[in-house]
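*Asks:* Okay, handing you the structure first.
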Amino acid sequence: MIYLLLSLILSSAFAEAPFHWSSAFKISEKHEFYAEDKVIDKPQDSWQILFALVYPDVQLNLQKDCVLYRVPGAEPGELKIKKIPEDTSCETVLFQPGDQEWKSVSDLRFSIRDQILRLSYTQTKHKAEAWTVNFLNLNSHPKPTMNMSSAELKSPKAIMLAPGTVVNIVKPKFELKDGDVCHEVSDDCVAKASRCMDCPLGWHELPNGCAQGPKRCGQVECGKKNSPACRRGIKWQRMQKTFSCRDDVSFAYCSPGLKIECEGTMVICR
Amino acid sequence: MLFFRSRPVARKFRDEVLPPPTKLFAQVIARAIPEILNVWEHGDRFLTRQGTSCPGEILDNAGVGKSYYQCQPHFWQCFWEKGVVANPLIKIDIFGQTFHVSAKPTFAPIPFYSEKPRFYEMLTRSRPGINLHYGYVVDLEVKELPGLGQPLILTDTCRDTFLPQRTYTYGKAPKKNEKEFVWDNFDRNIFIDRFYVTNQQVNEWRLLKGDLSRLNSDRNLWYRPAVLSLADQKNYCHFFGKRLLEAKLFDAAAMAPVDTKELFPEKMLHPQTPWMRDISKSFLGMARINPDYQLSPLDCQLAQVKGCTEDRFFATDSATWMGMYFSLGFYPESLLNPIEPSKNLKLSSKFLPATSEWHELGALSHWSGILGEDKLPPVAFRCYEEVSL
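For the protein sequence lines, the chains are A and B, in the order given. Each residue of the first sequence is one higher than the last, beginning at 1 in my numbering. Each residue of the second sequence is one higher than the last, beginning at 1001 in my numbering.
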């Protein structure tokens, strides 16, 4: 009991990282020029975005905390945290008052390594503060192995949510809808990052002979008349070659009685 | 008098200073997560001979295997209602102190289940950003640190299993002059449901959609496979970002490779059973040549056929090489099949005697997909998911 009381007293003396930061699952807008663990001392008297943390609240709304720092120079340094919608850039709030602010800050340094944030700074009268946050929601998408579940590949087994009521922010609904391209793959097989997990109800592939074919949101049964062909694969042939609709279409198949037609690089069953 | 003044006693401070409450709370919760996951993913380990005592929540049944209680929200509810163990609190020792973590009944009752507040809430994703289609939100508290709570989502890590990336074949061994269908799933992350979709899971789907008219209230039927039309089977799977299982994936999951490390075997084999390449060496082959063959309990664990007396739901004896169950016997199963669209039904089931020729991998029949139209026993189904990251 005494120790709890002591900790309560101490808590009023120390600043600490916001409680909900441990539920961040994405780090964005990290300052590209600040080296890890080095004191930030320029450009002086300017506001800089250190990094932003995106985390889900209880309603699965995505929130973003911008961590902003005015580098000390002629004026004392200042650290502030500003909460904004996830799809807004921290640039827009660089000069706005923060939701939390720490004045007279200097010798600030931070590092984000191995899913841990370490941030330290000094305030007036040489009071040193150090924050350590374990990002419990950061998932490195492990290589799938035997007996692994889809849930383990996609996210941590337990996803922490920011507790408490959060500011009412209107969140967008699904940006992608059925039919939208969610994974761009060029004809020469250059693939961008897939956004197909953002499709509301799954996705389907349009095999084009690449290791990964382009994909669109929505569930479409492949192989049927006027549908994309089904993917058969480009490795079972046991030969290194280029596959395409016009050259070698063994990477795809249609249901019996249908023939393969090429629409550009897309393989359609007619 | 000064000499007799009592000296102040030196106050001893502990070497370790406790962090502030919110930080301490976060640290206790972080320490408790593995145990919380243990309750969620391996709830069966907490079951004693007394089983569960939450008849209004989840039933104990001798014919139901322990896998049913894994990633099982009704078990979670029962556990925290003290229906499994008398003291469900999770003990955490940290900073020389002991803390007790538990789930909170934060969530509104689901009248269809009971009037009690729930220790979880099922959610489906309604906006992008989080990499999951559905999960269960729970709320944790620490008894010694009142006023603080940690909501988190428990994901369904028990449902499906990874299909390793390699070459596969489809169907029975080809006859002379027939070409076999070989394919591969390299660069694809495919996960197949281990068990059939159950009535309980279909109830959850209907509750999430707000379709309260066709809920199944008989808890004795919850662990049994759901019987839906083909259209509803597809709708169910799509709702959760999954797809109805395809025949070639079923064969890939059931036909064990000779060498799992050899990803491009010279010769593609077509094992006739999940546990034995040659059916004549299995009990099914013996039954075919000896109609008086007596089924043993082990036979029925591998493939529940007609004549097997015990129901076996969520038992794990019939595992295939990659962790799927019920590949022969048990229930007829609906499969999508773009390769041979009319062959959309695995007919092998507990409704056919051991002598039936349908008890063989690759032996597929047909159903119309409309309930009541074919004279068939209940047709089960399962989903699969392909993850694109």
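Note that the Cβ used here is the ideal one computed from N, Cα and C, for glycine as well. From a predicted model like this one, the values you see are computed outputs, not experimental measurements.
#1: Please classify B:Ile1090 as buried or exposed, where buried requires at least 16 neighbouring CB atoms within 10 angstroms.
#2: Applying the criterion that 16 or more other CB atoms from any shown protein chain within 10 Å of the CB defines a buried residue, is B:Ile1289 buried or exposed?
#3: Measuring straight from C-alpha to C-alpha, what distance separates A:Thr165 and A:Val249?
#4: Quick test of your reading: B:Tyr1223 and B:Val1064, contact by CB under 8 Å. State the CB separation rounded to the nearest angstrom.
#5: Give the straight-line distance between the Cα atoms of B:Phe1079 and B:Pro1088, rounded to the nearest whole angstrom.
#6: DSSP has B:Tyr1134 in a bridge; who is on the other side?
#7: Is any beta-carbon of chain A found at less than 7 Å from that of B:Pro1332?
#8: Quick check on the burial criterion: 16 or more other C-beta atoms within 10 angstroms. Buried or exposed for B:Thr1198?
#9: Which residue comes first and which comes last in the beta strand (DSSP E) that contains A:Leu119?
#10: Determine, using beta carbons only, whether A:Ala52 comes closer than 7 Å to chain B.
#11: Identify whether B:Arg1382 lies in helix, strand or coil by the three-state DSSP scheme.
#12: Would you mind telling me which residues of chain B sit closer than 7 Å to A:Phe19, beta carbon to beta carbon, in chain order?
#13: Determine contact between the region 1162-1178 of chain B and the region 1194-1209 of chain B, defined as no fewer than three beta-carbon pairs at a distance below 8 Å.
#14: Which ranges would you report for the beta strand (DSSP E) in the region 1137-1170 of chain B if only whole runs of at least 3 residues count?
#15: Are the CB atoms of B:Gln1070 and B:Glu1035 nearer to each other than 7 Å?
#16: Assign B:Arg1005 to one of three DSSP states: helix, strand, or coil.
#17: Who are the near neighbours of A:Ser120 in its chain, counting only those whose CB is closer than 8 Å to its CB and skipping five residues on each side?
#18: Is there a Cβ of chain B sitting closer than 7 Å to that of A:Val167, yes or no?
#19: For B:Arg1312, which residues of its own chain have a beta-carbon under 6 Å away from its beta-carbon, when the five flanking residues on both sides are left out?
#20: According to the neighbour-count rule (16 or more other Cβ atoms, all chains shown, within 10 Å of its Cβ), is B:Ile1370 buried or exposed?
#21: Since A:Tyr69 is in the beta strand (DSSP E), which residue starts that stretch and which ends it?
#22: Name the two residues that bound the continuous beta strand (DSSP E) containing A:Ser28.
#23: Please list the terminal residues of the continuous beta strand (DSSP E) segment that includes A:His183.
#24: Give me the chain A residues within the contact set of B:Asp1030, using Cβ-Cβ distance strictly less than 8 Å, ordered along the chain.
#25: For B:His1238, go through chain A and note every residue whose CB falls closer than 7 Å to its CB, in chain order.
#26: Considering only the beta carbon of each residue, do A:Asp229 and A:Val267 sit closer than 7 Å?
#27: Name the residues in the region 1320-1354 of chain B whose C-beta lies less than 8 Å from a C-beta of chain A; which are they?
#28: Measuring CA to CA, which of B:Leu1132, B:Ala1380, B:Glu1144 and B:Ser1114 is closest to B:Asp1232?
#29: Compare the C-beta of B:Trp1367 against all C-beta atoms of chain A and say whether one is closer than 7 Å.
#30: When burial is assigned at 16 or more other CB atoms within 10 Å of the CB, is B:Ser1327 buried or exposed?
#31: Which two residues bound the contiguous alpha helix (DSSP H) that contains B:Arg1049?
#32: Would you call the region 1254-1269 of chain B and the region 213-231 of chain A touching, i.e. three or more CB-CB distances under 8 Å?
#33: DSSP three-state call for A:Gly202: helix, strand or coil?
#34: Check the C-beta distance from B:Phe1099 over to B:Val1028 and give it rounded, since I have them as a contact under 8 Å.
*Replies:* The relevant details are as follows:
#1: Taking the second sequence and counting its residues from 1, one reaches residue 1090 of chain B at position 90. By the 10 Å Cβ count, B:Ile1090 comes out buried.
#2: Translated into positions along the second sequence, residue 1289 of chain B becomes position 289. Exposed, because fewer than 16 other Cβ atoms sit within 10 Å of the Cβ of B:Ile1289.
#3: Mapped onto the first sequence, residue 165 of chain A falls at position 165. Mapped onto the first sequence, residue 249 of chain A falls at position 249. Unreliable placement is indicated for A:Thr165, whose pLDDT of 48 sits below 50; no coordinate value is reported for it.
#4: The residue you call residue 1223 of chain B lines up with position 223 of the second sequence. The residue you call residue 1064 of chain B lines up with position 64 of the second sequence. With 8 Å as the limit, B:Tyr1223 and B:Val1064 qualify as a contact, their Cβ atoms being about 5 Å apart.
#5: To locate residue 1079 of chain B, count along the second sequence from 1; it is residue 79. To locate residue 1088 of chain B, count along the second sequence from 1; it is residue 88. Cα to Cα, the separation comes out at about 7 Å.
#6: Numbered from 1 along the second sequence, position 134 holds the residue referred to as residue 1134 of chain B. In the DSSP output, where bridge partners are listed per residue, B:Tyr1134 has B:Thr1124.
#7: Here residue 1332 of chain B refers to the residue found at position 332 of the second sequence. Chain A contact via Cβ: absent.
#8: Position 198 of the second sequence, counted from the start, is the residue given in the question as residue 1198 of chain B. Result: buried.
#9: Position 119 of the first sequence, counted from the first residue, corresponds to residue 119 of chain A. Note, A:Leu119: beta strand (DSSP E), Ile116 to Gln123.
#10: Position 52 of the first sequence, counting from 1, holds the residue named residue 52 of chain A. Judged by the 7 Å Cβ criterion, A:Ala52 is not in contact with chain B.
#11: Numbered from its first residue, the second sequence carries residue 1382 of chain B at position 382. The answer is coil: DSSP assigns B:Arg1382 none of H, G, I, E or B.
#12: Within the first sequence, the letter at position 19 stands for residue 19 of chain A. The contacting residues are Thr1022 and Ala1026.
#13: no
#14: 1150-1154, 1160-1162 and 1167-1170
#15: Position 70 of the second sequence, counted from the start, is the residue given in the question as residue 1070 of chain B. Position 35 of the second sequence, counted from the start, is the residue given in the question as residue 1035 of chain B. No, Cβ-Cβ distance for B:Gln1070 and B:Glu1035 is not below 7 Å.
#16: As a position in the second sequence, residue 1005 of chain B is number 5, starting the count at 1. Summary for B:Arg1005: the model assigns pLDDT 48, below 50, so the residue's position carries little reliability; its value from the coordinates is reported in the next sentence. DSSP places B:Arg1005 in coil when its eight states are reduced to three.
#17: Translated into positions along the first sequence, residue 120 of chain A becomes position 120. Excluding positions up to five away in sequence, the list reads Asp107, Leu108, Arg109, Phe110, Ala128, Glu129, Ala130 and Trp131.
#18: For the purposes of this step, residue 167 of chain A is taken as the residue at position 167 of the first sequence. Since pLDDT at A:Val167 reaches only 43, below the 50 mark, its modelled position is unreliable, and no value is offered.
#19: Taking the first residue of the second sequence as 1, we reach residue 1312 of chain B at position 312. Same-chain partners within the cutoff: Gln1304.
#20: Against the second sequence, residue 1370 of chain B aligns to sequence position 370. Exposed, by the Cβ-count rule.
#21: What you label residue 69 of chain A is simply residue 69 of the first sequence in a count that begins at 1. Start and end: Leu62 to Arg70.
#22: The sequence position of residue 28 of chain A within the first sequence is 28, counting from 1. Unbroken beta strand (DSSP E) run through A:Ser28: Lys26 to Ser28.
#23: In the first sequence, the residue the question calls residue 183 of chain A occupies position 183. Note, A:His183: beta strand (DSSP E), Val181 to His183.
#24: Along the second sequence, read from residue 1 onward, the residue named residue 1030 of chain B stands at position 30. The displayed chain sequence assigns Ala, not Asp, to residue 1030 of chain B. Per Cβ cutoff of 8 Å: Ser22, Asn134 and Leu136.
#25: One-based indexing of the second sequence puts residue 1238 of chain B at position 238. Residues of chain A passing the Cβ test: Leu201, Gly202 and Gln219.
#26: What you label residue 229 of chain A is simply residue 229 of the first sequence in a count that begins at 1. What you label residue 267 of chain A is simply residue 267 of the first sequence in a count that begins at 1. Strictly speaking, residue 229 of chain A in this sequence is Ala, with Asp absent from that position. Yes, the pair counts as a contact, with Cβ atoms nearer than the cut-off.
#27: Met1322, Gly1323, Leu1336, Pro1338, Ile1339, Glu1340 and Pro1341
#28: Stepping through the second sequence from its first residue, residue 1232 of chain B is reached at position 232. Comparing Cα-Cα distances from B:Asp1232 to each of B:Leu1132, B:Ala1380, B:Glu1144 and B:Ser1114, the minimum goes to B:Ala1380.
#29: For the purposes of this step, residue 1367 of chain B is identified with residue 367 of the second sequence, where counting begins at 1. So no, B:Trp1367 is outside the interface.
#30: Along the second sequence, one-based indexing puts residue 1327 of chain B at 327. It is buried - the Cβ of B:Ser1327 has at least 16 other Cβ atoms within 10 Å.
#31: Here the question's residue 1049 of chain B lines up with position 49 in the second sequence. It is not in any alpha helix (DSSP H) - B:Arg1049 carries neither H nor E in the DSSP assignment.
#32: no
#33: Here residue 202 of chain A is taken as the residue at index 202 of the first sequence, counted from 1. Strand.
#34: Looking up residue 1099 of chain B in the second sequence gives position 99. Looking up residue 1028 of chain B in the second sequence gives position 28. Correct: roughly 5 Å between the Cβ atoms.
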